[in-house]
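Asker: Mind looking over this structure? Questions follow.
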Amino acid sequence: MILGIGVDMIEVARVQKAIERNPRFVDKVFSPIEIAYCEGKKNRFQHLAGRFAAKEAFIKALGHGVPWTSIEVVNLPSGRPTLSVRDGKDHGFIRAHVSLTHLAAHAIAVVVLER
Ligand SMILES: CC(C)(COP(=O)(O)OP(=O)(O)OC[C@H]1O[C@@H](n2cnc3c(N)ncnc32)[C@H](O)[C@@H]1OP(=O)(O)O)[C@@H](O)C(=O)NCCC(=O)NCCS
Numbered sequence: 002m003i004l005g006i007g008v009d010m011i012e013v014a015r016v017q018k019a020i021e022r023n024p025r026f027v028d029k030v031f032s033p034i035e036i037a038y039c040e041g042k043k044n045r046f047q048h049l050a051g052r053f054a055a056k057e058a059f060i061k062a063l064g065h066g067v068p069w070t071s072i073e074v075v076n077l078p079s080g081r082p083t084l085s086v087r088d089g090k091d092h093g094f095i096r097a098h099v100s101l102t103h104l105a106a107h108a109i110a111v112v113v114l115e116r
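Heads up: the sequence shown is residues 2 to 116, going by our numbering.
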């Protein structure tokens, strides 16, 4: 059964500006695995923006907030993203599905939660 669905779209430049203004933003929002993945990419801001959108989409799907860094997007070897919450709490879903896309200017994420 579907518990919730969330979608979010963000301007890559907004995330880039937030990071350039405050370098600690990255550590406040993204997990070490997410940071390492994005650092390895040609345009890290697009990938970070995708993950930011995924976190916001997840919160929409869930219906309440959780700490940013506890929501983690990890890619499988195929490149397919997965999403999990690492805060040790039961949020009432058994599986999270996430899909990301990003272009130079915008990133979009969709999250579906199953219970
Ligand atoms: C997956 C694919 C459709 C992505 O499309 P695209 O237009 O290049 O990229 P988009 O900007 O729309 O999306 C990028 C996001 O797609 C997601 N993605 C990558 N590979 C994926 C896959 N196999 N399945 C689902 N999502 C995937 C990632 O989340 C990626 O963003 P991220 O790197 O920041 O996590 C395309 O690269 C493709 O068809 N690749 C072949 C995949 C394949 O066969 N892999 C098998 C290797 S074992």
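Heads up, the beta-carbon is just placed ideally off N, CA and C, and yes, glycines get one too.
In chain order, what residues place their C-beta within less than 6 angstroms of a heavy atom belonging to ligand 1?
Answerer: H48, G51, N76, S79, G80, R81, P82, L101, T102, H103
Asker: Do you know how far the Cα of M2 is from the Cα of Y38?
Answerer: 32 angstroms
Asker: Taking buried to mean at least 16 other C-beta atoms within 10 Å of its own C-beta, is V75 buried or exposed?
Answerer: exposed
Asker: Go ahead and pull the three-state DSSP assignment for L77.
Answerer: coil
Asker: Would you mind stating whether A50 and G7 have Cβ atoms separated by less than 9 angstroms?
Answerer: no
Asker: Report the CB separation of Q47 from A97 in whole angstroms; it is logged as a contact under 8 angstroms.
Answerer: In fact, because the Cβ distance is near 22 angstroms, the residues do not count as touching under 8 angstroms.
Asker: Can you give me the Cβ contacts of V27 inside the same chain, cut-off strictly under 7 angstroms, excluding the 5 residues immediately before and after it?
Answerer: Answer for V27: I20, I36, listed in chain order.
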